[in-house]
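Undergrad: For the record, the sequence lines run as chains A and B. So the first sequence is numbered by our numbering: it starts at 3 and just counts up by one. So the second sequence is numbered by our numbering: it starts at 3 and just counts up by one. Quick reminder that beta carbons are idealized off the backbone N, C-alpha and C, glycines included.
2 protein chains.
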Amino acid sequence: MRRTPFLPALLLAATAFAQPDPSSKPAISNLMNAEYPRVHADGRVTFRLAAPNAAKVQLAGAVTAQPVDMAKGGDGAWMVTIPPPAPGFHYYWFLVDGLQVNDPSSDTYFGWTRPTTGIELPLAGEDFYFPKPVPHGQVRMHWYLSKTTGEWRRAMVYTPPGYDANPRTRYPVLYLQHGAGEDETGWTKQGRANFIIDNLLAEKKAVPLIVVMDKGYAYRPGERPPQPGSRPAPRQPGVLAASTFETVIIEDLIPSIDQTFRTLTGRDQRAMAGLSMGSMQTLQITLRNLDKFSWIGLFSGATVNGDLDSAYNGVLKDAAAFNKRVHLLWTGAGTAEARLMDALKTSDELLTKRGIRHVNFVSEGTAHEWHSWRRHLNDFVPRLFK
Amino acid sequence: MRRTPFLPALLLAATAFAQPDPSSKPAISNLMNAEYPRVHADGRVTFRLAAPNAAKVQLAGAVTAQPVDMAKGGDGAWMVTIPPPAPGFHYYWFLVDGLQVNDPSSDTYFGWTRPTTGIELPLAGEDFYFPKPVPHGQVRMHWYLSKTTGEWRRAMVYTPPGYDANPRTRYPVLYLQHGAGEDETGWTKQGRANFIIDNLLAEKKAVPLIVVMDKGYAYRPGERPPQPGSRPAPRQPGVLAASTFETVIIEDLIPSIDQTFRTLTGRDQRAMAGLSMGSMQTLQITLRNLDKFSWIGLFSGATVNGDLDSAYNGVLKDAAAFNKRVHLLWTGAGTAEARLMDALKTSDELLTKRGIRHVNFVSEGTAHEWHSWRRHLNDFVPRLFK
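1) I need the DSSP call for S302 (chain A), collapsed to helix, strand or coil.
2) For a minimum of 4 consecutive residues, which ranges assigned as the alpha helix (DSSP H) are wholly contained in the segment 297 to 345 of chain A?
3) Candidates A:D99, A:S25, A:P87 and A:A43: which alpha carbon is nearest L51 (chain A)'s?
4) Just to confirm my understanding: we take F197 (chain A), look at its own chain, exclude 5 residues before and 5 after, and list those with CB closer than 7 Å. What are they?
5) Within 10 Å of its beta-carbon, does N315 (chain B) have 16 or more other beta-carbons around it, so buried, or fewer, so exposed?
6) Looking at the structure shown, is A79 (chain B) part of a helix, part of a strand, or coil, going by DSSP?
7) So, is the C-beta of P22 (chain A) closer than 7 Å to a C-beta in chain B?
8) Could you give the residue range of the beta strand (DSSP E) that holds Q102 (chain B)?
9) Give the straight-line distance between the Cα atoms of T368 (chain A) and L346 (chain A), rounded to the nearest whole angstrom.
10) Secondary structure at M282 (chain A), three-state DSSP: helix, strand or coil?
11) Only counting runs of 4 or more residues, tell me where the alpha helix (DSSP H) segments fall wholly within the segment 179 to 229 of chain B, in order along the chain.
12) For L277 (chain A), which beta-bridge partners are listed by DSSP?
13) Would you say P162 (chain A) faces chain B, with C-beta separation under 7 Å as the test?
14) Which whole-angstrom value describes the C-beta separation of A157 (chain A) and M215 (chain A), a residue pair presumed to lie in contact below a C-beta threshold of 8 Å?
15) So which residues of chain B does R155 (chain A) contact, with C-beta pairs closer than 8 Å?
16) Spatial neighbours of T249 (chain A) within its chain, please: C-beta separation below 8 Å, excluding the five flanking residues on both sides.
17) Determine which residues share a DSSP beta bridge with T265 (chain B) and list them.
18) Taking 6 Å as the limit between beta carbons, can you name the residues of its chain near L386 (chain A), skipping five residues before and five after?
19) Listing by chain order, which chain B residues have their CB less than 8 Å from the CB of Q102 (chain A)?
20) According to DSSP, which residues form a beta bridge with D71 (chain B)?
21) Taking only the alpha-carbon atoms, compute the straight-line gap between R341 (chain A) and L379 (chain A) and give it to the nearest angstrom.
22) Checking contacts by CB at 7 Å: is L14 (chain B) closer than that to chain A?
23) Closer than 7 Å by beta-carbon distance: list the chain A residues that pair up with Q140 (chain B), in chain order.
24) Give the secondary structure of W114 (chain A) by DSSP, where H, G and I count as helix, E and B as strand, and everything else as coil.
25) Put P10 (chain B) into one of helix, strand or coil per three-state DSSP.
26) Under 9 Å, CB to CB, which of the residues in the segment 75 to 102 of chain A have a partner in chain B?
27) Is DSSP giving I121 (chain B) helix, strand or coil here?
28) So what's H144 (chain A) in DSSP terms, helix, strand or just coil?
29) Under 7 Å, Cβ to Cβ, is there at least one residue of chain B near A53 (chain A)?
30) Taking the alpha carbon of H92 (chain B) as the reference point, which residue from B:F382, B:I199, B:G308 and B:R376 has its own alpha carbon closest?
31) Please decide whether T115 (chain A) counts as near chain B, where near means a Cβ-Cβ distance under 7 Å.
32) Keeping to the same chain, check which residues put their C-beta closer than 7 Å to that of L33 (chain B); ignore five residues upstream and five downstream.
33) Contact criterion: CB-CB distance below 7 Å. Does M279 (chain A) meet it with respect to chain B?
34) Would you mind stating whether W114 (chain B) and N104 (chain B) have Cβ atoms separated by less than 7 Å?
35) Name, in chain order, the residues that DSSP records as bridge partners for G152 (chain A).
36) Counting Cβ pairs, one atom from each stretch, are 3 or more of them under 8 Å apart for the segment 133 to 146 of chain A and the segment 253 to 260 of chain A?
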């Protein structure tokens, strides 16, 4: 047996510091062959940033309730190990002497109005959003000229497996929106919507469909975009209001999609869903355009409230009529987003009391984050167009 | 006329500092409504980063030959105005007390092995790479299982306008590669290849084609990826060698593309081109697989050199045979990349002396950057498949 040579304690400590825990592995979302962040067997995560001249470095974002101080090692790199975060995808960043900095070792995702680092922490046994050896649909960048904004806009469009091979088949369409500060790439990059639907289709749990993901921000010429980091002003409960984005969807996007893709164009074959800000947009746009939409998904955000005799222009007043007109009203949240869980409960009780048919979905252990919305999509899509 | 009220000189100076030059405008690549970086009428560019606790902040990257110090204003933001950079797209970043940090106000692009800030500085009157009111092709994410690497890989695939509307038409294919540290998104995001080709097709300058853009890195199970920031070891001039990426292209990617898309599958209808590292891969892969490729584009990198009687396995020895077999050998560089211009001249002279038909293209005023390669593509594509 080989003996460990004598080493001074200080050198041993430095060596131990520089060597990663052998039971830990690089996170699957790391760039190229980056060694950090590393995930330990018990779910703890170690982050590292080489910033030898910094006076203070913290880890911040959705992996920690409050910014947590990192410790500087002899090699000038700052490290911290945190308790196991919730499963799924989390945005995070470093605060280097107060400056928000992305982790150069991990990939970025458009969130918080800019490319922001994320980490993927799968829950053992939960693989519905990973690519599997099944037929894969395509995600297509579709450019269209918006008369409303005067600009070329880009939407991401999922076409199901077999779309090209069956040039006479037409498909129903789901319009699917991201949250505040995100963009049209969110549902496929953070959300993995394409893999979720590929897997549902392979298991014959869903009807083949087209999914259209646009950017939920739109401004007429001269209209001023919000400042970075700002959130839209909350609407009055139960008030339906026009928006530039609605005009883009109704007058520019839907016609462009129906012209370019082999869609089924009736209201019975068109759904809309969104998360957080996107759920507010979904509730507004679908209830104002029930001639165009009949399947509605509200992921972690909009709920139904107020006096339904007058709220929402009265479209929810007559339950029987609404139940006939709207094939699916789906609402959901994650157990780790307490305020939204409360709102969901109130909404569920109100809808139940009024006899309005709806689905009430709860994602166990997940917060106001993409992993909730992956699960929402995975429950929502199998209910569509049936 | 309203009079300017008296202000102490110091306050005036601070006000002047905080107010952007009214003749300057936010760069077109800025995120959302970010005010900086700003481009002045004379082409100078002002960069800004709010980092009140930093001791030293520099601007670095391809907008400046050497890192340039920024000055801290009273508001804690660091600013610098630089002389007009070369036209086109440039990667850049800040050095905050030595730490490389992206500009949170500008978009990022996968380069230097990670998402890296870029800025777009158009040259007045040059608009061939902008979206115009013409029919647009789609850029599709295509997933395929690589037997070579054992992983799902993603390629970006441009399909020309009319692809879906003409389900019996088949198209020739260009395989198009990025440079070192970049990935499959480079040619459409930094390169704007889709808009360049849309515009060429609208002007009837090119044959409708499919373009396949894969990631130029591939590792067999157990093979070790290079360290971030490292570059591939230079090959011996004139030596053709196998690579894992070649195996992926030949055995996995081409069959998957030919199975999924309506391609023309003969060697006369298949091209390959690449920039920098991608041009080395192109030269290697095409010359080793002349049964599969007959159109070759070398953008700012690989050139032909050595003793052609023996180099490249002798495939360039017999000029007449090569000229018959290879329909296009295209080489190019930008005038601001001096070393490559020298290599291009040597290669041009050698090919001319040996009677090997080729195109020698020079991009005026551009460096080893994407704007050279946009121009290269714009010259290369109209020559294909004719």
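TA: In brief:
1) Taking the first sequence and counting its residues from 1, the one referred to as residue 302 (chain A) is at position 300. Coil, per DSSP.
2) Runs of the alpha helix (DSSP H) lying entirely within the segment 297 to 345 of chain A, each at least 4 residues long, are 321 to 327 in chain order.
3) For the purposes of this step, residue 51 (chain A) is taken as the residue at position 49 of the first sequence. The option with the nearest alpha carbon to L51 (chain A) is A:D99.
4) To locate residue 197 (chain A), count along the first sequence from 1; it is residue 195. Taken in chain order, the residues that qualify are Y131, F132 and P133.
5) For the purposes of this step, residue 315 (chain B) is identified with residue 313 of the second sequence, where counting begins at 1. With a 10 Å radius around the Cβ and a threshold of 16 neighbouring Cβ atoms, N315 (chain B) comes out exposed.
6) To locate residue 79 (chain B), count along the second sequence from 1; it is residue 77. DSSP places A79 (chain B) in strand when its eight states are reduced to three.
7) Position 20 of the first sequence, counting from 1, holds the residue named residue 22 (chain A). By this cut-off, P22 (chain A) is not an interface position.
8) Numbered from 1 along the second sequence, position 100 holds the residue referred to as residue 102 (chain B). Unbroken beta strand (DSSP E) run through Q102 (chain B): L101 to V103.
9) As a working note, residue 368 (chain A) is residue 366 in the first sequence. As a working note, residue 346 (chain A) is residue 344 in the first sequence. Per the coordinates, the alpha-carbon of T368 (chain A) lies some 15 Å from the alpha-carbon of L346 (chain A).
10) Counting from 1 along the first sequence, the entry for residue 282 (chain A) is found at position 280. For M282 (chain A), the secondary structure class from DSSP, reduced to helix, strand or coil, is helix.
11) Taken in chain order, the unbroken stretches of alpha helix (DSSP H) that lie wholly in the segment 179 to 229 of chain B and span 4 residues or more are 188 to 191 and 195 to 204.
12) Position 275 of the first sequence holds residue 277 (chain A). DSSP links L277 (chain A) through a beta bridge to A:F301.
13) To locate residue 162 (chain A), count along the first sequence from 1; it is residue 160. Closer than 7 Å: no.
14) Residue mapping note: residue 157 (chain A) aligns to position 155 of the first sequence, counting from 1. Residue mapping note: residue 215 (chain A) aligns to position 213 of the first sequence, counting from 1. The Cβ separation is near 6 Å, so the contact holds.
15) In the first sequence, counting from the first residue as 1, residue 155 (chain A) sits at position 153. The CB of R155 (chain A) never comes closer than 8 Å to any CB in chain B; the least such distance is about 10 Å.
16) The residue labelled residue 249 (chain A) in the question sits at position 247 within the first sequence. Correct list, in chain order: T150 and A220.
17) Sequence index remark: in the second sequence, residue 265 (chain B) carries index 263 (1-based). Secondary-structure assignment with DSSP links T265 (chain B) through a beta bridge to B:Y173.
18) As a position in the first sequence, residue 386 (chain A) is number 384, starting the count at 1. Contacts found: A273 and W297.
19) As a position in the first sequence, residue 102 (chain A) is number 100, starting the count at 1. Chain B residues near Q102 (chain A): P106.
20) Here residue 71 (chain B) refers to the residue found at position 69 when the second sequence is read from its first residue. Looking at the DSSP assignment, D71 (chain B) forms a beta bridge with B:Q60.
21) Your numbering for residue 341 (chain A) matches position 339 in the first sequence. Your numbering for residue 379 (chain A) matches position 377 in the first sequence. Inter-residue distance for R341 (chain A) and L379 (chain A) is about 21 Å (C-alpha atoms, whole angstroms).
22) Here residue 14 (chain B) corresponds to residue number 12 of the second sequence, with the count starting at 1. Low local confidence applies: a pLDDT of 38 at L14 (chain B) is under 50, so the model's placement there is unreliable, with the coordinate-based value given in what follows. Taking Cβ atoms only, chain A never reaches closer than 7 Å to L14 (chain B), which makes this a no.
23) For the purposes of this step, residue 140 (chain B) is taken as the residue at position 138 of the second sequence. Residues of chain A passing the Cβ test: R142, M143 and H144.
24) Residue numbering aside, residue 114 (chain A) sits at position 112 when the first sequence is read from its first letter. Coil at W114 (chain A), not helix or strand.
25) The sequence position of residue 10 (chain B) within the second sequence is 8, counting from 1. Low per-residue confidence applies at P10 (chain B): pLDDT is 37, beneath 50, and the placement is therefore not dependable, though the value from the model is reported in the following sentence. In the structure shown, the three-state DSSP call for P10 (chain B) is coil.
26) Taking 9 Å as the upper bound on Cβ-Cβ separation, chain B lies near residues V98, D99, G100, L101 and Q102 of the segment 75 to 102 of chain A.
27) Working through the second sequence from its first residue, we reach residue 121 (chain B) at position 119. Residue state, collapsed to three classes: strand.
28) Position 142 of the first sequence holds residue 144 (chain A). In the three-state reduction of the DSSP assignment, H144 (chain A) falls in the strand class, which pools E and B.
29) Working through the first sequence from its first residue, we reach residue 53 (chain A) at position 51. By this cut-off, A53 (chain A) is an interface position.
30) For the purposes of this step, residue 92 (chain B) is taken as residue 90 along the second sequence, with counting starting at 1. Per the Cα distances, B:R376.
31) Position 113 of the first sequence holds residue 115 (chain A). By this cut-off, T115 (chain A) is an interface position.
32) If you number the second sequence from 1, residue 33 (chain B) lands on position 31. If you ignore the 5 residues before and after L33 (chain B), its C-beta comes within less than 7 Å of the C-beta of S107, S108 and D109, all in its own chain and listed in chain order.
33) In the first sequence, counting from the first residue as 1, residue 279 (chain A) sits at position 277. It does not: the Cβ of M279 (chain A) has no partner Cβ on chain B nearer than 7 Å.
34) Residue 114 (chain B) sits at position 112 when you count from the first residue of the second sequence. Residue 104 (chain B) sits at position 102 when you count from the first residue of the second sequence. Contact: no.
35) The residue labelled residue 152 (chain A) in the question sits at position 150 within the first sequence. Paired residues: none, contrary to the question.
36) As far as the Cβ criterion goes, the segment 133 to 146 of chain A touches the segment 253 to 260 of chain A, which means the pair count is three or higher.
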